[in-house]
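Student:
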Amino acid sequence: MADESVGRIVSGVDDRGVATLVLSNPARRNAITGRMRRAIEQLLEEWEEDSTVRVVVASGEGGRSFCSGLDLAEEASREHRDLAQDLRRFWGAWQRFTKPVIARIEGHCIGGGVLTALHADLRYCSQESIFSIPAARLGLPFGFDSAQPVVEAIGRARATELVLTARSFDAQDALRLGLVSQVVPAEELASVVDQLAADIAENAPLTVRAAKAGIREAARDAGDRDLAAVDRFVAAARSSQDLLEGRAARRERRAPRFEGK
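Note that the sequence shown covers residues 1 to 261 in the numbering used here.
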């Protein structure tokens with residue numbers, strides 16, 4: 001039996017194509033350990049190739065904390081260079097993943113937890129959620145790989161204030177900043193996110209993939225955009241059976257049955 005005290009990832013895929021990724025390290029408020037990072041990297045690689053997976057919902061176990069960041073007790077003995085390389089690989093796995101990801105945020109979302117959530121395409125949080133990026137208060141390094149998703153999400157000025165002050169902020173502040181898409185009562189969050197995931201899963205997977213890539217690149221500076229990748233995804237959608245299915249369903253006034261082909 002695995003030692004759950006060092007953290008684990010609980011995952012699954014239902015018959016709608018909704019995959020779930022649960023950060024489970026409750027003793028440390030779901031802090032992410034090295035083993036958890038490696039498990040996530042492997043899952044994302046597997047789900048990328050699994051045509052039955054259409055959308056991923058990431059959450060934290062227990063409802064009291066989405067993620068409190070990296071497990072600092074574990075990382076304290078690591079060489080900075082080794083940890084930096086591991087984290088770059090971890091963030092890269094999220095960035096390469098072409099299917100939509102929803103972060104369901106309950107309770108605390110701290111440091112690396114914020115960065116993890118920012119690698120999702122949509123972020124829904126409960127009214128009780130609390131956020132912070134406390135690197136400056138803890139003396140932790142905060143370089144380009146950490147700054148990039150924050151700046152992309154909320155802009156340079158707001159990112160600078162949040163990171164340099166290390167202040168905590170609540171769900172409404174997160175909504176105002178653009179850090180989250182919607183704030184939902186805690187008792188409704190799971191059902192709201194589940195319906196959101198179901199709505200996405202019903203749509204044409206190749207179009208969804210192309211749209212995610214296009215939106216991502218549109219948010220980047222012109223010199224950093226990978227338009228060739230977007231063009232490949234658009235071409236795949238344009239020549240797909242799903243395009244024909246969508247037209248047929250509309251003509252026949254029925255729900256489409258997309259297969260991602």
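Yeah, the Cβ is synthetic: ideal placement off N, Cα and C, and Gly gets one too.
Here the structure is a predicted model, which is why all the values come from computation and not from measurement.
Distance check for Arg89 and Glu45, CA to CA, integer angstroms please.
Tutor: C-alpha separation (whole angstroms): 12 Å.
Student: If we count the other Cβ atoms within 10 Å of its Cβ and call it buried at 16 or more, is Glu252 buried or exposed?
Tutor: It is exposed - the Cβ of Glu252 has fewer than 16 other Cβ atoms within 10 Å.
Student: Could you check where the beta strand (DSSP E) with Thr98 kicks off and where it finishes?
Tutor: Counting along the chain, Thr98 falls outside any beta strand (DSSP E), and DSSP gives it neither H nor E.
Student: Count the other CB atoms, across all protein chains shown, that sit within 10 Å of the CB of Thr116; report buried if there are 16 or more and exposed otherwise.
Tutor: Its Cβ being crowded by 16 or more others within 10 Å, Thr116 is buried.
Student: Give the DSSP-derived three-state secondary structure of Gln127 in the structure shown.
Tutor: Residue state, collapsed to three classes: coil.
Student: When you compare the stretch 158 to 175 with the stretch 124 to 137, are there three or more beta-carbon pairs, one atom per stretch, that lie closer than 8 Å?
Tutor: Touching, yes, given that three or more Cβ pairs across the two stretches are closer than 8 Å.
Student: Where does Phe169 fall in DSSP's three states?
Tutor: Strand at Phe169.
Student: To which residues does DSSP link Ser11 through a beta bridge?
Tutor: Partner(s): Leu21.
Student: Do you know how far the Cα of Ala211 is from the Cα of Gln148?
Tutor: Taking the straight line joining both Cα atoms gives about 21 Å.
Student: Please list the segments of the alpha helix (DSSP H) lying wholly inside the stretch 178 to 226, counting only runs of 4 or more residues, in order along the chain.
Tutor: Within the stretch 178 to 226, the complete alpha helix (DSSP H) runs of at least 4 residues are 186 to 201 and 205 to 218.
Student: How long is the line joining the alpha carbons of Thr20 and Gly155, rounded to whole angstroms?
Tutor: Their Cα atoms are separated by approximately 29 Å.
Student: Output needed for Met1: all residues of its chain with C-beta closer than 6 Å, excluding positions within five of it in sequence on either side, in chain order.
Tutor: Caution applies to Met1, whose pLDDT of 36 falls short of 50 and renders its modelled position unreliable; the value that the coordinates give is listed next. Here the set comprises nothing.
Student: Just the C-alpha distance for Ile203 and Ala174, rounded to the nearest angstrom, thanks.
Tutor: The sequence shown places Asn at residue 203, not Ile. C-alpha separation (whole angstroms): 28 Å.
Student: Could you give the DSSP three-state label for Phe258: helix, strand or coil?
Tutor: In this structure, Phe258 counts as coil in the three-state DSSP scheme.
Student: Taking Ser146 as part of the alpha helix (DSSP H), name the residues at either end of that continuous run.
Tutor: Run containing Ser146: Phe144 to Ile154, per the alpha helix (DSSP H) assignment.
Student: Between Ile40, Val184, Ala153 and Ala236, which has its C-alpha nearest Trp91's C-alpha?
Tutor: Of Ile40, Val184, Ala153 and Ala236, the residue nearest in Cα terms is Ile40.
Student: In chain order, what residues of the same chain have a beta carbon less than 8 Å from the beta carbon of Glu48, not counting five sequence neighbours either side?
Tutor: Cβ neighbours of Glu48 beyond the five flanking positions: Arg96, Phe97, Thr98 and Lys99.
Student: Per DSSP, which residues does Val56 bridge with? Please list them.
Tutor: For Val56, which the question treats as bridged, DSSP gives the partners Ala19 and Val101.
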